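**Student:** The structure is given below, and queries will be raised subsequently.
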Ligand code: RIB
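Residue numbers (our numbering): 137 to 438.
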């Protein structure tokens, strides 16, 4: 279905350490965990995996270290058919995310960036091949890596989708005119000072994001409320799909990848928002990050 899509994903690759507990500890408190495990993660790698599982041809661009985690993460990406020739392996240490998950599947994430913070911005641009028609970036790498990649893509008429995670202030003015800019609720607050908790606030925040980035579409991820689309004129909301919430980790990554794919495939941004909601609903119903990404069959069942 998405066979003609040649996507490049510039972003982070992490090993995730997931600790499950009924209740997260307060400061100074000890709690007992119920289980733990390691999973493949990193916002960039999660989005690359989602794109590949949905049928796109994907090139991952980033950095790991030549250590046990780095080798394991790259092997996994390769096993999904992802081209890893754009991933440098001379980082100081592969990125690590410690994820604590409460009994309701809500996460708190601490990221040690390691190699992800050492990606070369010039090399990144060189790794984006001429046949690329879709670029996905997130904010889990250095600002100049994101800005250089996005501006290169815009100049070359590549559909460019910016996932604004994790929440941080970012100079959106340095990359004007991407196709889609998509923050979640806390990322929206970090970028605009407005928490999108009402329709008025969603619209106010979307207007600020549009003004700052000049992106064609602003798509706000609103968790269990679904998503909101702003094209500079009209705000439209799309309800989420209800599934059994096990782990919300990487649901946003899954949403962004599915949104981008459907948009480039059909050119229909509303259809893409709905498709993103379906993909996100699948991701929250599974434990883990990269391994909770759906196939087309999974999405069609939602
Ligand atoms: O978006 C989820 C991801 O954020 C996790 O996989 C973790 O690695 C952090 O980067």
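All C-beta atoms, glycine included, are put in the ideal place defined by N, C-alpha and C.
Bear in mind the structure is a predicted one, so any value in this text is a computation, not a measurement.
Is residue 382 near the ligand RIB, judged by its Cβ being under 7 Å from some heavy atom?
**Tutor:** Checking the Cβ of residue 382 against the ligand RIB gives no.
**Student:** Count the other CB atoms within 10 Å of the CB of residue 353; is the residue buried (16 or more) or exposed (fewer)?
**Tutor:** buried
**Student:** Would you list, in sequence order, the uninterrupted alpha helix (DSSP H) runs of no fewer than 4 residues that lie entirely inside the segment 291-349?
**Tutor:** 321-328, 335-349
**Student:** Within 8 Å, do at least three Cβ pairs link the segment 188-208 to the segment 140-147?
**Tutor:** yes
**Student:** How would you write the range of the beta strand (DSSP E) that residue 275 sits in, first residue to last?
**Tutor:** Premise fails: residue 275 is in no beta strand (DSSP E) and is neither H nor E.
**Student:** With a threshold of 8 Å, are at least 3 pairs of Cβ atoms found where one atom belongs to the segment 351-367 and the other to the segment 213-222?
**Tutor:** no
**Student:** If I'm right that residue 276 touches residue 252 with Cβ under 8 Å, what's the distance once you round it to whole angstroms?
**Tutor:** 6 Å
**Student:** Taking the runs of the alpha helix (DSSP H) that are 4 residues or longer, which of them lie wholly in the segment 195-223?
**Tutor:** 204-215
**Student:** Are the CB atoms of residue 177 and residue 234 within a distance shorter than 8 Å?
**Tutor:** No, the pair does not count as a contact, with Cβ atoms beyond the cut-off.
**Student:** Quick check: the Cα distance between residue 415 and residue 155, rounded to an integer number of angstroms?
**Tutor:** 24 Å
**Student:** State the DSSP-derived secondary structure class of residue 243, mapped to helix, strand or coil.
**Tutor:** strand
**Student:** Please confirm whether residue 327 and residue 371 have their CB atoms less than 8 Å apart.
**Tutor:** no
**Student:** Would you call the segment 207-219 and the segment 295-313 in contact, with 3 or more CB pairs under 8 Å?
**Tutor:** no
**Student:** So does residue 276 have its beta carbon nearer than 7 Å to some heavy atom of the ligand RIB?
**Tutor:** yes
**Student:** When you measure from the CB of residue 314 to every non-hydrogen atom of the ligand RIB, does any distance come out below 7 Å?
**Tutor:** no
**Student:** For a minimum of 4 consecutive residues, which ranges assigned as the alpha helix (DSSP H) are wholly contained in the segment 389-436?
**Tutor:** Here the runs fully enclosed are 405-420, 432-436.
**Student:** Assuming contact is defined by CB atoms lying nearer than 8 Å, are residue 247 and residue 150 in contact in what I supplied?
**Tutor:** yes
**Student:** Flag this pair as yes or no: are the beta carbons of residue 266 and residue 290 separated by less than 8 Å?
**Tutor:** no
**Student:** How far does the beta strand (DSSP E) with residue 261 in it extend, from its first residue to its last?
**Tutor:** Counting along the chain, residue 261 falls outside any beta strand (DSSP E), though it belongs to the alpha helix (DSSP H) covering 257-263.
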